[in-house]
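Only one structure is covered here, and it is reproduced in the block below.
Numbering (the numbering used here), first residue to last: 427 to 653.
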């Protein structure tokens with residue numbers, strides 16, 4: 427299986443697997459910042475549907491932050507990887523300290539990316555949750571739980587690549603999961619991209635602005651004039 431050149435190519439390929447959701451007024455694409463947003467941008471553009479973000483933060487093991495012991499999401503949702511918590515002997519105090527720190531970062535990003543703009547309506551819509559890959563799956567599971575609180579019509583998870591265990595854990599929790607590459611040997615998300623730089627806050631803001639302008643340009647003239 428060849429690697430994706432970058433997140434843009436991954437998003438374009440993933441969009442080709444999601445054509446059944448194209449040009450539908452009840453579909454909304456939500457990218458998980460930061461790395462999921464460039465992919466979600468390409469999907470929303472190809473399907474001609476709106477794009478927004480959904481804030482989720484990984485809870486990294488102290489001293490080994492790349493290892494997720496859980497994740498938090500908007501709506502006071504926290505999901506824990508109990509196997510990791512027990513294996514690493516994470517104390518309740520350490521868990522709460524990491525949670526509080528990541529909650530502050532989640533709020534910072536919410537303000538930076540969204541400002542005063544509310545999240546686009548989720549209720550009764552088909553929500554496509556997008557990230558750049560599934561490793562432990564904790565981040566995506568937190569996102570699914572949080573999105574469910576808004577009572578969507580369906581929740582669809584779309585990722586370019588994922589670990590089989592994470593895929594199997596998430597699959598029963600959603601109406602559909604689209605994973606372009608499901609390797610037997612996963613290693614890491616970044617291993618499946620030729621170029622995998624960290625997505626910046628600025629890039630997220632720029633992509634959201636471009637998506638908003640695209641949506642406004644495609645709206646009927648009457649709605650743009652406020653008629």
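All C-beta atoms in this analysis are idealised placements derived from N, C-alpha and C, irrespective of residue type, glycine included. The structure presented is a predicted model; accordingly, all values stated were derived computationally and were not measured.
CA nearest to the CA of residue i, picked from the options
i           : options            : result
residue 469 : 462, 603, 487, 441 : 441
residue 458 : 619, 568, 574, 636 : 568
residue 535 : 577, 623, 483      : 483
residue 437 : 503, 544, 464      : 464
residue 498 : 629, 572, 487      : 572
residue 637 : 481, 492, 546      : 546
residue 632 : 507, 538, 489      : 538
residue 516 : 635, 490, 609, 466 : 490
Beta carbon of residue i nearer than 9 Å to that of residue j
i           : j           : result
residue 556 : residue 596 : no
residue 600 : residue 585 : no
residue 588 : residue 560 : yes
residue 558 : residue 579 : no
residue 563 : residue 591 : yes
residue 476 : residue 641 : yes
residue 654 : residue 495 : There is simply no residue 654 to check, as the chain begins at 427 and stops at 653 in what is shown.
residue 456 : residue 603 : no
residue 552 : residue 452 : yes
residue 481 : residue 449 : no
Buried or exposed by the 16-neighbour rule on C-beta atoms within 10 Å, applied to residue i
i           : result
residue 462 : buried
residue 613 : exposed
Inter-residue spacing [alpha-carbon to alpha-carbon] between residue i and residue j
i           : j           : result
residue 443 : residue 510 : 33 Å
residue 500 : residue 605 : 24 Å
residue 647 : residue 431 : Bear in mind that a pLDDT of 36 at residue 647, under 50, signals an unreliable position, so the number given afterwards is only what the model happens to contain. Whole-angstrom Cα-Cα distance: 38 Å.
residue 566 : residue 530 : 19 Å
residue 502 : residue 447 : 29 Å
residue 639 : residue 471 : 12 Å
residue 466 : residue 627 : 15 Å
Any chain D beta carbon closer than 9 Å to residue i
i           : result
residue 506 : No chain D is part of this structure, which consists of one protein chain only.
>> Just to confirm the assignment: which complete alpha helix (DSSP H) runs, minimum length 4, are found wholly within the region 473 to 534?
In response: 508 to 513
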